[in-house]
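Position 44 of the sequence shown, counted from 1, bears residue number 44 in the numbering used here, the numbering being contiguous throughout.
Read through the structure below, which is laid out as structure tokens, and then see the notes.
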Amino acid sequence: MNSLYLGCILISLAALSSAWFIHHKTWAEEWELTLGHVLSYWGLIWWFGSGLHEHHVHVAEDLVYGVSLIFVTASCLTSHILQRRLGWSDLSWPPLLLLPAMVCFLLPEMPHHPLAQGGWFAWPAAFTVHWWLLYQREDEMPTLYRSLLHGGTVWFMTFLATWELGWQVHFFLGSTGSWLTISRGIVAITMLFAILSVNLPVWPWRKHEELYLGIVAVPLAAAVLFWTVLVSLGNTGDAWPFPWLPLFNPLDLAIAGALAALGLWIARLQKLPGLCEFVSVNRQVVQWLGAAVF
């Protein structure tokens with residue numbers, strides 16, 4: 001209840017109300033329809049901008065990051081619900097832009113790790129809503145953008161989980177042993193194993209098997225391969241606080257898991273009609289895996 005925010009909300013609601021009336025005016029001219037689209041976007045800009053400003057002014061500093069992410073997520077979810085109820089096409093854009101908005105939260109004043117400053121409740125909520133919106137709207141998207149959203153979600157989730165795990169390991173164990181090194185690769189390895197279970201009869205695996213084994217898995221496989229070679233050449237495999245055993249120390253076991261994931265991924269590619277050509281043409285993939293095993 002302050003003049004700045006009330007003024008911003010009045011501007012937002014006035015623009016959105018005007019756009020709504022133009023949208024439902026059956027005899028509207030072409031220029032009026034264009035004006036209606038402009039007013040919709042203008043109202044949304046004021047809505048998101050003023051809301052984020054209010055959080056930075058009034059929310060406690062140790063929660064402002066998470067609350068702001070929740071606000072953006074809730075606004076995108078509300079926009080989707082209103083678009084479905086009202087048939088208002090201008091409100092279809094915020095739900096499609098939730099993932100890029102989540103990525104933008106890495107830019108300004110990012111905490112030391114993703115779960116800090118309210119991230120522990122904001123990121124799970126944001127990813128849950130994003131997956132639900134993607135499920136609800138994927139048939140309405142262009143194929144390329146849908147593929148990018150599926151892949152971007154997995155890659156972004158892997159990045160955040162790797163960052164958080166690395167921070168937690170460093171916080172509790174420091175640089176002792178090989179645990180910090182393992183934390184930088186184990187999430188991508190786990191995610192690659194998860195993608196290999198795409199024969200499960202659930203969405204999105206049920207519907208997008210080739211997409212996940214192909215476009216989505218390639219960057220993960222490349223990251224796992226790079227991590228495997230890098231740590232093999234530059235890490236001693238210190239097993240603290242356990243005694244060091246050849247091939248049975250934590251780092252070597254993680255590397256074995258990485259190579260197993262890569263091998264199983266290539267085997268799965270060869271069984272899919274749409275992707276077997278990729279493996280047969282790009283024999284370098286198998287050669288790189290052989291070099292990594294060596």
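Ideal placement from N, C-alpha and C gives every residue a C-beta, glycine not left out.
Inter-segment contact for the stretch 184-199 and the stretch 161-171 is present: three or more beta-carbon pairs are separated by less than 8 Å.
Below 8 Å, too few C-beta pairs join the stretch 166-174 and the stretch 120-137 to call them touching: fewer than three. Per DSSP, the unbroken alpha helix (DSSP H) holding Leu-180 starts and ends at 179-195. Between Leu-262 and Leu-213, the gap from beta carbon to beta carbon reaches 8 Å or more. In this structure, the alpha-carbon of Thr-143 lies about 17 Å from that of Ala-217. Looking only at Trp-240, Phe-48, Cys-8, Ser-89, the smallest Cα-Cα distance to Thr-181 is reached by Trp-240.
Judged by DSSP secondary structure, Trp-132 falls within the alpha helix (DSSP H) whose first and last residues are 119-137. Secondary structure remark: continuous alpha helix (DSSP H) runs of at least 4 residues inside the stretch 209-277, in chain order: 217-234, 250-271. For Val-72, the enclosing alpha helix (DSSP H) covers residues 64-86. For Leu-149 against Leu-91, the beta-carbon gap comes to about 18 Å, at or over 8 Å, which does not count as contact. By alpha-carbon distance to Leu-44, the top candidate from Cys-8, His-55, Val-103 is Cys-8. Taking all protein chains shown into account, Gln-117 has 16 or more neighbouring C-beta atoms within 10 Å of its C-beta and is therefore buried.
In the pairwise beta carbon analysis, the stretch 27-36 is classified as not touching the stretch 46-59: fewer than three pairs are separated by under 8 Å. Approximately 13 Å separates the beta-carbon atoms of Val-129 and Leu-97; this is outside 8 Å, ruling out the contact.
If you look at Phe-171, you'll find it in the alpha helix (DSSP H) that goes 143-173.
Val-103 has its alpha-carbon roughly 31 Å from the corresponding atom of His-23.
Annotation for His-113: Trp-163, Glu-164, Trp-167 place their beta carbon closer than 7 Å to its own, counting only its chain and skipping 5 residues before and after.
Short of 8 Å from the beta carbon of Leu-289, and not among the five residues preceding or following it, lie these beta carbons of its own chain, in chain order: Leu-225, Leu-259, Leu-262, Gly-263, Ile-266.
Closest in alpha carbon position to Gly-119, among Trp-88, Ile-70, Phe-48, Arg-184, is Ile-70. Shown here, Met-102 sits in a helix according to DSSP, grouped into three states. For Thr-34, the enclosing alpha helix (DSSP H) has its first and last residue at 30-58.
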